[in-house]
Amino acid sequence: MRKGRLHTWFCILVLVLAIVWRMIGAPVNVKEFQDLQTPFWQARILLPSRLQRVLLQWIPVHLSELFEKEKTEVSLVNADDGKEPVWVNVFLAEENRVVKMTMAGYVCGVVAAEMPAAYHMEALKAQAVAARTRVMKQMMQDGCSAHEGADICTDSTHCQAYASPASCRERWGDSYTVYRDRVLAAEEQTRNCWLSYQKQPITVVYHAISGGRTENAQTVFSQALPYLVSVESRGEEQAAGFRQDAAYTFEEMAEKLSGLLGTVEPQDIRRTFSVGSYTETGRVHTVQIAGREVEATVLRALLGLRSTWFSLSCDEKGITFHQQGYGHGVGMSQAGANAMAGNGRSFEDILLHYFPGVTIENEMNEIFLQRTGYLRRDDNAAKQPVLAETQEAL
Ligand SMILES: [Zn+2]
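This is the structure in structure tokens:
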């Protein structure tokens, strides 16, 4: 009788342990063990944060403040180099909340989201430095202007895209381990590298394919910057989507442009649509539509064009845009970076080519650490997000 009861308690204990094991996301099959980014015995340092995450889902919100208080004082030791990591408050657009993650983890997520992981290693490293510089600049200024409490958001049209480990798994499928290791290596091999101009992080912008030559910043963003000037970008022709056509009927165009032009007849578009002027780099600067001069960047946004580098052909139904390149064309061309890397150029060569005149720094400087509160942690209290959470690296 007594033995039987002991048996029951033992079974319950095993069951509870199994449930907790699963809840904290510990691996259960061979594949999950293989996918661990840190050796299993090292992963124990993640245990407190994972347990906390599980508990936070079950306890009332006001109790969670106790954990928040603790978090500002207790720091997780970075498994990679033993130093205290730099934390970034990231607004996850898809989940509509701010989370706290390490700079390293954040940079990996940006590289994974913003550049094909199959690109050459030196191109991935250039992307990692660009991503890090971007967030450093925002951390030194006011953070993301659209989301309070966040240094940066994951909305690619506002700040920078970011891919979570789960979305990377989905995106990369069977190649997950291979691509993840490439992205981790790109971050690790450039850790603490960033781009400066006059000792400050630069304004980093990049795009998929320039079309053969990048664009001057003032043409697109109305602000000239000495390191965001047009440069040649060779070897991009190999990139998928280097040239692509987009066709619209006159009716479609009238509808898409109605917000800007008001009611406009398809026939008016047919009669009047033409290129008004070109930029110095050969992209379309303005177009003429129904007696109005419209900036090509505005037209691009309204029609969803890939690029403002296009020529036109018309027939009785509508207009076809023969586009070259993909993106706004300012700063680093990712396809161009990949072509340079394929020709044996280093990530330093790539960055200095696309951002002429900048300096590649090898250490997070004291000004950055001080301004963001890492050397004076007390001042940083106001920057803590309401519901922070540790996100482990990719
Ligand atoms: Zn933002």
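Oh and the sequence shown: position 95 is 95 in the numbering used here, straight run, nothing missing.
Cβ atoms here follow ideal geometry from the backbone N, Cα and C, with glycine treated the same way.
When I19, G329, M23, T133 are compared against V358, the one with the closest alpha-carbon: Looking only at I19, G329, M23, T133, the smallest Cα-Cα distance to V358 is reached by T133.
Closer than 7 Å: A166 CB and nearest ligand 1 heavy atom: Incorrect: A166 has no Cβ contact closer than 7 Å to ligand 1.
Near ligand 1: A146 beta-carbon under 7 Å from a heavy atom: A146 Cβ: within cutoff of ligand 1.
DSSP-derived helix/strand/coil call for D245: Here D245 sits in strand by DSSP.
The segment 159 to 166 / the segment 106 to 124 touching (three or more Cβ pairs under 8 Å): At 8 Å Cβ cutoff, the stretches touch.
Contacts around S258, its chain only, beta-carbon distance under 7 Å, and the 5 residues preceding and following it disregarded: If you ignore the 5 residues before and after S258, its C-beta comes within less than 7 Å of the C-beta of V264, all in its own chain and listed in chain order.
Contact the segment 168 to 175 vs the segment 120 to 130: 3+ CB pairs below 8 Å: Judged by Cβ distances under 8 Å, the segment 168 to 175 makes no contact with the segment 120 to 130, as fewer than three pairs qualify.
Coil, strand or helix - H353 by DSSP: DSSP, read as helix, strand or coil, puts H353 in helix.
Rounded separation between A208 and F91 - CA only: Taking the straight line joining both Cα atoms gives about 24 Å.
Any non-hydrogen atom of ligand 1 within 7 Å of D151 CB: No, Cβ of D151 sits at least 7 Å from all heavy atoms of ligand 1.
Close-in-space but distant-in-sequence residues of the same chain around A335 (CB under 7 Å, 5 per side omitted): Same-chain partners within the cutoff: A208, I209, E236, A239.
Close Cβ partners of Y278 (< 8 Å) along its chain, the five nearest in sequence each way excluded: Take Y278, set aside five residues on each side of it, and the residues of its chain with a beta-carbon closer than 8 Å to its own are V284, H285, in chain order.
For F91, the first and last residue of its enclosing alpha helix (DSSP H): No alpha helix (DSSP H) contains F91, which is instead part of the beta strand (DSSP E) from 87 to 92.
Inter-residue Cα distance where the pair is G342 and I350: So the alpha carbons of these two residues sit roughly 11 Å apart.
Proximal residues to L63 (C-beta, below 6 Å), its chain only, five neighbours per side dropped: Residue confidence for L63 is low, a pLDDT of 45 falling below 50, so the modelled location carries little weight; the figure read from the coordinates is stated next. Excluding residues within five positions, none has a Cβ falling inside 6 Å.
Where E70 falls, given that 16 or more other Cβ within 10 Å makes a residue buried: The predicted position of E70 is uncertain, since its pLDDT is 33 and thus under 50; a value taken from the coordinates is nonetheless stated next. E70 should be labelled exposed.
Contact between the segment 312 to 324 and the segment 222 to 234 (3+ Cβ pairs under 8 Å): When Cβ pairs closer than 8 Å are counted between the two stretches, the segment 312 to 324 is seen not to touch the segment 222 to 234, the count staying below three.
Beta-carbon gap between T308 and A290 smaller than 8 Å: The beta carbons of T308 and A290 sit no closer together than 8 Å.
Proximity test, D142 beta-carbon vs ligand 1 heavy atom, cut-off 7 Å: D142: no, Cβ never under 7 Å from ligand 1.
Top-ranked residue by Cα proximity to H328, from M340, E348, G304: G304 is the residue among M340, E348, G304 whose C-alpha sits nearest the C-alpha of H328.
Simplified DSSP assignment, three categories, for P266: Under the three-state reduction of DSSP, P266 is assigned to helix.
First through last residue of the alpha helix (DSSP H) which encompasses F221: 217 to 221 is the span of the alpha helix (DSSP H), which, as asked, contains F221.
Endpoints, alpha helix (DSSP H) assigned at K125: Here the alpha helix (DSSP H) through K125 covers 121 to 140.
Continuous beta strand (DSSP E) stretch holding F310: start and end: Counted as a single uninterrupted DSSP element, the beta strand (DSSP E) harbouring F310 occupies residues 310 to 314.
DSSP bridge partner residues for R292 (one or two, in chain order): The partner list for R292 (beta bridge, DSSP) reads I289.
Coarse secondary structure for I319, derived from DSSP in three states: DSSP places I319 in strand when its eight states are reduced to three.
Within 8 Å, strictly: CB atoms of L228 and V129: L228 is not a Cβ neighbour of V129, given a cutoff of 8 Å.
Nearest-angstrom Cα separation, counted from K125 out to E188: Rounded to the nearest whole angstrom, the C-alpha separation of E188 and K125 is 9 Å.
L195, enclosing alpha helix (DSSP H) - first and last residue: Per DSSP, L195 belongs to no alpha helix (DSSP H); it is in the beta strand (DSSP E), 194 to 197.
Cα-Cα separation, W194 to E252: So the alpha carbons of these two residues sit roughly 44 Å apart.
Range covered by the beta strand (DSSP E) that runs through M101: 97 to 102 is the extent of the beta strand (DSSP E) around M101.
Nearest candidate by alpha-carbon position, reference K199, set G4, D315, E363: Closest in C-alpha terms to K199, from the list G4, D315, E363, comes E363.
Unbroken beta strand (DSSP E) run spanning S210, endpoints: Annotation for S210: no beta strand (DSSP E) segment contains it, and DSSP assigns it neither H nor E.
Assigned secondary structure, V111 (DSSP; H/G/I helix, E/B strand, else coil): DSSP, reduced to helix, strand and coil, places V111 within a helical segment of the structure shown.
Residues that DSSP places opposite M332 in a beta bridge: M332 is bridged by DSSP to Y206.
Residues near T372 in its chain [Cβ-Cβ closer than 6 Å; skip 5 each side]: Here T372 has M139 as same chain residues with Cβ atoms under 6 Å from its own Cβ, once five neighbours each way along the sequence are excluded.
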